[in-house]
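Here the structure comes first, spelled out in structure tokens, and everything after it is commentary.
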Amino acid sequence: MNKSTSSRDSKTQTIDSSDPKDKNNSNRRAHNMRVAPSCVNPGLQDISLVVSDGAFVRPSEVGVVGRLKCQGVEMVQSQYCWTPVEPDSVAKRRWLKTLGQALAAHFSLARGRDKFTLADFPKGYQLFHHVKDSVQTAYLFGYPTKSNVKLKFKTAAEFLPHLTWLASQGEMKKCLCKHCQSEVIDLKYPKTKEGFSPPPRSSFSWSNSFYCRKSPNFIFRNFDPGSHSQEKNSKKNQRVQDNHQEINLASYDTHQPEIPSNYRALELVWCKLDQPKDNKIRLDCTYWPGICQKTHVAYEACEVLDLSTRENQPGPPRIRKMEDGTSATWTTKKEVHKKLYWSIQLLGLSDSVVRAESQILPWLYRPFEEPAWSVVSTGKLPIPEYLLDASKPMPTLASLSNPVIGRLHFQLALQTGAEIEETWALAEYSDGLAPTSLRKSFPPIGTQDLVRLKLLESPPDPAAEVVSLDSGQQILFLHIDFFWKGPYSDSTIVGGWLFELVPQHNTKSPQDLTIQGSGTGQTRNAWLMQYADQIPKGACTSHSDHLPPAPKGFQFSRITPAGAIHHVDISCIAGRYYSPKVDHDRLARLRYHFATKIDSSPSLKSNPETLRRLASLLGFGIGQDNFMRFTKLKRTREQATVEALRKSKRMVCLILRPINHHHLEKGRGGGIQAD
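Next up, the structure:
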């Protein structure tokens with residue numbers, strides 16, 4: 001009987017030794033483990049942990065080896081550096097296999113010891129390489145501490161006792177790892193009802209939890225990001241236990257690079273193309289769609305004003321400029337500044353280019369006119385080989401010497417971007433993103449992000465008690481605190497704090513504007529405030545008071561009352577807010593145009609519809625005027641990319657075959673739009 005039951009649950013198994021026959025073996029319980037067949041390694045069983053105390057600690061980034069000279073200025077850099085270990089690297093697979101086999105042996109799992117591996121490190125733990133003189137040594141970071149000391153595990157054997165303690169849900173004093181035994185963290189943290197006592201800085205993030213709106217008291221539940229089959233089997237075998245204890249959430253910001261950036265890894269953007277001197281490349285476009293890959297920090301020498309000299313002190317005399325543009329009185333000095341670059345993969349091409357942030361535009365900017373890029377098929381255009389055979393190499397930018405072929409590949413890039421724009425996924429902690437953050441249409445959005453909101457056109461679940469924005473002219477933003485998606489629901493809930501964009505000359509505080517204010521402001525926000533839910537007593541959120549700079553002449557006024565939180569449907573998100581801290585020259589001119597109300601301000605040569613769309617993108621207008629069109633939920637970003645490229649190739653092939661135009665019109669639901 002036991003053997004048949006074990007065979008039925010072999011695909012998905014919840015390790016829980018709560019059987020009365022196993023009372024004598026209570027020290028080897030595993031309440032927080034899930035076992036499922038591996039999707040990456042066939043023949044292996046993945047062991048995953050549903051809880052973690054990881055603190056998302058990262059080592060200090062140090063420059064590369066060597067000395068650098070730039071325009072006479074010498075820069076001495078450190079002789080070692082830390083680099084994140086790639087997800088599919090040999091070092092990470094070795095760590096995971098060692099830990100998985102050890103856990104299987106410790107908890108006496110029914111299957112063979114050599115058939116197990118750890119699916120991934122617990123949330124908040126990440127493997128880094130310490131590189132010195134071409135020697136790489138792997139260290140595991142993420143151990144929570146109350147001090148600024150960043151503790152790490154040198155080997156998998158060192159981390160195994162702490163991992164076993166997490167899986168068995170034991171008390172703090174029973175953890176036998178070297179860091180817990182050294183009493184670095186406080187051992188007097190209150191114990192929960194299950195007997196699990198997390199460290200003071202444990203990162204049980206709202207992104208792995210949710211508020212239950214239907215209960216009079218909010219219930220905090222752990223969210224298992226596994227498959228639906230795991231959820232169903234788990235629901236049959238055991239009831240979900242609610243944790244009403246105090247929750248401490250460590251605030252962290254892992255998705256921001258060392259230098260502030262408006263863009264993220266894997267974000268869909270417009271990349272400025274270099275104009276070749278030989279003019280062999282005949283293209284009508286200045287920007288090409290691409291996906292941001294990695295950041296690069298470069299050291300550049302530049303001239304700045306030397307404010308320490310007397311000549312540069314502010315004074316009434318007017319500065320006389322010479323004919324060559326230099327100043328007759330101001331003196332300069334050389335300094336070395338850091339500059340951020342992005343490596344970008346161009347869509348539809350095999351090229352990967354490096355661009356400064358000033359050469360990148362957001363995807364919703366759409367710097368092209370669609371009629372100028374229409375491809376008229378005469379039936380004589382050859383179909384590129386790589387569209388028919390995936391093994392053929394993709395073309396390069398330098399090979400686009402024919403303007404018609406160039407437009408064809410640009411059409412493919414646009415179609416690929418349009419397909420990607422329609423997809424989104426809940427992503428695990430990877431590529432510098434917070435856990436279970438949202439990859440919405442490939443501008444990654446995570447906790448602590450400020451997003452623009454739009455009208456919820458068609459709520460997927462009319463019975464859901466979430467805020468549905470009206471069609472008014474309020475410019476609303478949401479400071480995200482968590483995401484949650486039900487295992488059996490198509491809707492996804494986003495929790496956070498609502499803000500409104502108001503003119504800066506308003507001297508009232510945000511609370512006066514939204515709560516104590518009188519007149520239009522109070523009436524306008526009353527319906528929004530009544531949807532705010534009180535945060536349970538004793539629960540702390542990961543909310544940070546830090547907001548990106550508001551547009552010039554405006555400020556963010558908070559609508560959500562103190563001690564409360566708002567819930568909105570994910571369809572209300574129009575896109576991420578791009579702050580003016582690092583800007584493109586085009587965006588800077590637009591910000592100046594929208595912020596200044598002077599009659600002498602230079603007018604932009606754009607139609608009102610385009611200006612309204614760009615105003616929405618920069619936060620000056622309602623999100624309804626410019627938003628991401630995402631309707632398809634995918635499990636992984638890789639699946640979304642592959643499917644988008646496949647559909648785009650099919651669309652381009654149909655364009656080149658006029659006889660199949662009726663199929664093209666039938667499948668143009670995700671077509672290219674100019675706004």
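Just so you know, full-length UniProt numbering puts 485 at position 485 of the sequence shown, and the rest follows in order with no gaps. Heads up, the beta-carbon is just placed ideally off N, CA and C, and yes, glycines get one too. Computed from a predicted model, the values in this text were never measured in an experiment.
* To do: Look at the alpha carbon of P444 and the alpha carbon of I291, and state the distance between them as a whole number of angstroms.
  => Rounded to the nearest angstrom, the two C-alpha atoms are 11 Å apart.
* In terms of residue numbering, what span does the alpha helix (DSSP H) encompassing F594 cover? -> Per DSSP, the unbroken alpha helix (DSSP H) holding F594 starts and ends at 585-595.
* Asked: Helix or strand or just coil, what does DSSP make of L349?
  -> Three-state DSSP puts L349 in coil, outside helix and strand.
* C103 vs T164 beta-carbon contact at 9 Å -> The sequence shown places Leu at residue 103, not Cys. In this structure, T164 lies closer than 9 Å to L103 by Cβ.
* Asked: Do the stretch 332-351 and the stretch 386-400 touch if we need at least three Cβ pairs shorter than 8 Å?
  -> Cβ pair count under 8 Å is three or more, so yes.
* Take L151 and list the residues in its own chain whose beta-carbon comes closer than 7 Å to its own, dropping the five residues that flank it on each side. => Counting only Cβ-Cβ distances below 7 Å, and skipping sequence neighbours, we find Y143, T145, H179, V184.
* Asked: Under the three-state reduction of DSSP, which class applies to Q448: helix, strand or coil?
  -> Secondary structure at Q448: coil, using DSSP grouped into helix, strand and coil.
* **Rounded straight-line distance, which links the Cα of I47 to that of L478** => Rounded to whole angstroms, L478 to I47 spans 36 Å at the Cα level.
* Asked: Since Q555 sits in a beta bridge, which residues does DSSP pair it with?
  -> DSSP lists V502 as partners of Q555.
* To do: Determine which residues share a DSSP beta bridge with V336 and list them.
  => V336 pairs with A301.
* Give the straight-line distance between the Cα atoms of R355 and Y299, rounded to the nearest whole angstrom. => Pairing R355 with Y299, the inter-Cα distance amounts to about 15 Å.
* To do: Spell out whether any CB of chain B is found under 9 Å from the CB atom of R355.
  => Checking the listed chains, one finds no chain B in this structure; it contains a single protein chain.
* Asked: Once you ignore the five residues that flank Y386 on each side, which residues in its own chain have a CB closer than 6 Å to its CB?
  -> The beta carbon of Y386 lies closer than 6 Å to those of K392, M394 in the same chain, with the five residues before and after it left out.
* **C271 classed as buried or exposed, judged by whether at least 16 other C-beta atoms fall within 10 angstroms** => Burial call: buried.
* Asked: Start and end of the alpha helix (DSSP H) containing H546?
  -> For H546, no alpha helix (DSSP H) run applies, since DSSP gives it neither H nor E.
* What's the call for V404, buried or exposed, on a 16-neighbour Cβ count within 10 Å? -> Under this definition V404 is an exposed residue.
* To do: Going by DSSP, name the residue or residues bridged to Q181.
  => Per DSSP, none; premise fails for Q181.
* Asked: For the alpha helix (DSSP H) that contains G575, what are its first and last residues?
  -> Per DSSP, G575 lies in no alpha helix (DSSP H); the unbroken beta strand (DSSP E) holding it starts and ends at 573-576.
* Asked: Can the beta-carbon of I565 be found closer than 9 Å to that of D585?
  -> No, these two residues do not count as a Cβ contact at 9 Å.
* Asked: Per DSSP, what kind of secondary structure is K272 in: helix, strand or coil?
  -> In this structure, K272 counts as strand in the three-state DSSP scheme.
* Under a Cβ-count criterion, where at least 16 other Cβ atoms within 10 Å of its own Cβ denotes burial, should E419 be classed as buried or exposed? -> A buried status is given to E419, since no fewer than 16 other beta-carbon atoms sit within 10 Å of its beta-carbon.
* To do: Using 10 angstroms around the beta-carbon of A156, count the other beta-carbons present and answer buried if the total reaches 16, otherwise exposed.
  => It counts as buried.
* Asked: When DSSP builds the beta bridges, which residues end up paired with F482?
  -> Partner(s): G495.
* Asked: What is the residue span of the alpha helix (DSSP H) that P37 lies within?
  -> Looking at the DSSP string, P37 is not in any alpha helix (DSSP H); the run it does join, the beta strand (DSSP E), is 33-37.
* Asked: Of all the options C572, K123, K97, F107, which has the alpha carbon lying nearest to the alpha carbon of L49?
  -> L49 has its Cα closest to that of K123, out of C572, K123, K97, F107.
* Asked: To which residues does DSSP link W95 through a beta bridge?
  -> BP columns for W95 are empty, so no partner.
* To do: Measure the CB-CB distance between L268 and E421 and report whether it falls below 9 Å.
  => At the C-beta level, L268 and E421 come within 9 Å of one another.
* What is the DSSP secondary structure of F627, counted as helix, strand or coil? -> Three-state DSSP puts F627 in coil, outside helix and strand.
* Asked: Are W363 and K294 touching if we call contact CB-CB under 9 Å?
  -> The answer is no: Cβ separation not under 9 Å.
* Asked: Would you report the Cα separation of G406 and F627, rounded to the nearest angstrom?
  -> Rounded to the nearest angstrom, the two C-alpha atoms are 28 Å apart.
* To do: Enumerate in chain order the residues of its own chain whose CB-to-CB distance from P503 is below 7 Å, with the five nearest sequence positions on each side excluded.
  => Scanning its chain for C-beta atoms nearer than 7 Å, with the 5 sequence neighbours on each side dropped, one finds around P503 the residues G553, F554, in chain order.
* Can you tell which of P561, E609, S648 has its C-alpha closest to the C-alpha of A526? -> That would be P561, whose Cα lies nearest to the Cα of A526.
* Using alpha carbons as the reference points, say which of F141, T423, L347, V149 lies closest to H162. => Among F141, T423, L347, V149, the Cα nearest to that of H162 is on F141.
* **Straight-line Cα distance separating V149 from F56** => Their Cα atoms are separated by approximately 13 Å.
* Asked: Could you give the distance in angstroms between the alpha-carbon of N607 and the alpha-carbon of H593?
  -> So the two alpha carbons sit approximately 14 Å from each other.
* Asked: Near S38, what residues of its chain come up, given a Cβ to Cβ distance below 7 Å and the 5 sequence neighbours on each side ignored?
  -> Once the five neighbours on either side are set aside, the close Cβ partners of S38 are L44, Q45, D46, T117.
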